[in-house]
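The structure appears below as structure tokens.
Residue numbers (the working numbering), protein chains in the order written: chain A, 4 to 475; chain B, 4 to 364.
Given below as structure tokens:
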């Protein structure tokens, strides 16, 4: 079930109405069943994997905790990791692996391809489950004694499909003592859903119409049109994913559950390290805690090893996104950006000691960071390297004039202003549910007009667009 | 009182915000159509538009309400070869950028071949069949535009009297002569439109994006259904349409015959060619019929060899179907049409004497 459909609104209203009158275990059971209905609406077969994966990690968590011998503990953890990665690898990377091997070896290996649908959200709930066993192994978490709580931790509907990737230590305590939502939760949750819907449906989905067509057949478009498509994609992916995260947070809040904030005005980042503190925060933190620091050693070994670790972490982040070498390059580019920034920052801190903190002094940094991020987005969005190469060549080298530059500028400006405005409001009110902070009657008028426009738009397009991150 | 004022102010500001955003981001352009008291439904001039149902178009309508640049009514030189295109959405080509439209390609191809300036004036308009376009052609285009050649695109649906366009069309009087038919003025939406406009405040209501938003939502519900859209899973499925019966139904009416006979004579000293656009059934019969009546015909069906199979449109010249009549020409389709027409026109026109400009007439 997609968030950006009238059905989800009906589902949310119904689930909430029933949930509000339930208490304790019955509330949890109802929430879990509702979550599974939400997930199974795509394909009921995915449910077996989700439930199986949840039960398995619940078992592994308990076993790790119960085992006193460090060696055995490690073996169970390795087994848990192996099983999770095999499942993820099978569904997500098997065909990619065959294609990659096939490109290197003589002969056609196409017959080895398997026909399998990628279960929605598998990367997200696998990472979430792994965080549970990892934290138990590291002694930072006690396993939950309730299988119901654990299944809810993995499968509660607002975040199961595309995150935020919540750590067990943050979510399990909330699920253990689920409370009836307060009036302020309703208002705040509804405000988040409203802003998230606006970002997703009226920014992300509408930008996609430009981006998808131009990326599908770039050879028919002029240089400025291709540049427009790349810039628009930077708006699309932000609006789409940030919108999703807000709807997820808002929906969770309606049930009294607090999810991590996944985005913090990332295009206002003044450097690339700052960008990764603001973009897909839950994934960045997961990779930082479990891959960069715990597995690879972070910056504790040597300076060179620190740079290698950064690069490796971002490559893993890239491949996590999708089974395509373009994602690896995207991750690699960010790894290089982070490494270079770390080097420059290290050198600069030796030379310059005084820290300038005037807002406009950050503008050059913001613009440069944005340009580098946009360049990397090209590889993220392009279906293959030849398409990415074509874009680069036509934008930078072979100039083809466009007849619609003014129109495109106008469109880009309209989207940029609105995207900027939403971020500005978050900064101004220091919260994502800023509609809560405005006058009650003003807020009511915004809700009425917004939802009127939203529903009219939803029915005019007929078919909702899935979230970009659903494919991951 | 204060609460009410704040609510009112918030509503006005929110409406204004969405008005500007939806308009300038081209999410919901204002309603394209308006009622001209003489010709009926027309496209409004100078509308910023974006369309991406099948392909991708960004641009504006010109002063004639067509999705291309402005055309000068008169030729500026005898040395210019001027071609008028009349037809429906295929000719309008709103799902490709102007530069990729067959008219642009044809213009440059012919200019190279003839070594002279070629001007192509595209009067194509979505849904505008022979019935819907003939009155406008004779009473507006013919009277206002110079031309050396008219390419009038037609297809098999035209002979069946298919027309759901609220415009002035022709009907037959008792002597079987064509006469204008203004029955569209009885339409409910036209009357409502007049009524709404009679209130001073709403005289320009259609310039706002909100009527368009409502109209699109109603169209969306009609096209996809309320329940499928609400429940998500089944929206967007286009029902299969079987075209085979059409073939056996080929039966040209007196009205169609009168229109087919009148159009080529409407603009004297101008070469007139019927271009039969490919359509699954009856195209061959239409071509035979037109040739029997000694009209110049260009047969595009040979160029395309197209299979109208919904959802599995494997033909490289078409966008994937998004309505019950199949997809429109894609970029390759436009290339193919341009190339085919260019060769054919070059052969036909090699010895043709150009029309003089209107001034010299």
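All residues carry an ideal CB built from backbone N, CA and C; glycine is no exception.
Among the CB atoms of chain B, none fall inside 8 Å of the CB of residue 242 of chain A. Between residue 263 of chain A and residue 284 of chain A, the CB-CB gap stays under 8 Å. Exclusion of the five residues before and after residue 26 of chain B leaves 32, 33, 51 and 212 as the residues of its chain whose Cβ lies within less than 8 Å of its Cβ.
Closer than 9 Å at the C-beta level to chain B, one finds these residues of the stretch 183–207 of chain A: 205 and 206. Assignment of residue 332 of chain B by DSSP, reduced to helix, strand and coil, places it in the strand class.
15, 16, 17, 18, 20, 21, 23, 24, 25, 26, 27, 28, 29, 30 and 31: these are the residues of the stretch 15–40 of chain B whose beta carbon lies less than 9 Å from some beta carbon of chain A, given in chain order. In the DSSP assignment, residue 260 of chain B falls within the alpha helix (DSSP H) that extends over 257–265. In chain order, 153 and 267 place their CB closer than 6 Å to the CB of residue 275 of chain B, counting only its own chain and leaving out the 5 sequence neighbours on each side. The residue from B:257, B:207 and B:106 with its alpha-carbon nearest to that of residue 121 of chain B is B:106. From the beta-carbon of residue 61 of chain B, the residues of chain A found nearer than 9 Å are 213, 228, 407, 410, 411 and 414. The beta carbon of residue 223 of chain B sits closer than 8 Å to those of 232, all from its chain and outside the five residues before and after it, given in chain order.
In the displayed model, residue 177 of chain B falls within coil according to three-state DSSP, outside both helix and strand.
For residue 39 of chain A, there is no enclosing beta strand (DSSP E); the enclosing alpha helix (DSSP H) has its first and last residue at 27–43. Within chain B, the residues 17 and 21 have their CB atoms less than 9 Å from the CB of residue 453 of chain A, given in chain order.
At a cut-off of 8 Å between C-beta atoms, residue 460 of chain A counts as an interface residue with respect to chain B.
Look at the stretch 221–234 of chain B: the residues with a C-beta under 9 Å from a C-beta of chain A are 221, 222, 223, 224, 226, 227, 228, 229, 231, 232, 233 and 234.
Relative to residue 21 of chain B, the option among A:448, A:464, A:39 and A:302 whose CA is nearest is A:448. Taking the C-beta atoms as reference points, residue 184 of chain A is found no nearer than 8 Å to residue 124 of chain A. Between residue 7 of chain A and residue 166 of chain A, the C-beta gap is not smaller than 8 Å, which leaves the two residues out of contact. Residue 141 of chain B has its alpha-carbon roughly 37 Å from the corresponding atom of residue 28 of chain B. Taking 8 Å as the threshold, the shortest C-beta distance from residue 219 of chain B to chain A falls below it.
The Cβ of residue 65 of chain B sits no closer than 8 Å to any Cβ of chain A. Here the stretch 21–36 of chain A lies against the stretch 145–163 of chain A, with 3 or more beta-carbon pairs under 8 Å apart.
In this structure, the straight-line span from the alpha carbon of residue 311 of chain A to that of residue 202 of chain A is close to 36 Å. Neighbours of residue 100 of chain B in chain A, taken as residues at a C-beta separation under 7 Å, are given in chain order as 407.
The residue among A:328, A:347 and A:321 with its C-alpha nearest the C-alpha of residue 337 of chain A is A:321. Setting aside the 5 residues that flank it on each side, residue 116 of chain A is surrounded in the same chain by 98 and 101, each with a C-beta closer than 7 Å to its C-beta; the list follows chain order. At a C-beta separation below 7 Å, residue 216 of chain A has these neighbours in chain B: 55, 58 and 59. Contact between residue 329 of chain A and residue 385 of chain A holds, since their C-beta atoms are separated by about 6 Å, short of 8 Å. Taking each of B:321, B:353, B:40 and B:198 in turn and checking the Cα distance to residue 96 of chain B, the smallest one comes out for B:321. For residue 125 of chain B, the nearest beta carbon of chain A is not closer than 8 Å to its own beta carbon. Residue environment analysis places residue 31 of chain A among the buried positions, since at least 16 neighbouring C-beta atoms fall within 10 angstroms of its C-beta. Closer than 7 Å at the C-beta level to chain B, one finds no residue of the stretch 23–44 of chain A.
Residue contact with chain A for residue 6 of chain B: present (Cβ-Cβ distance below 8 Å to some residue of chain A).
Pairing residue 192 of chain B with residue 216 of chain B, the inter-Cα distance amounts to about 16 Å.
Pairing residue 48 of chain A with residue 121 of chain A, the inter-Cα distance amounts to about 11 Å.
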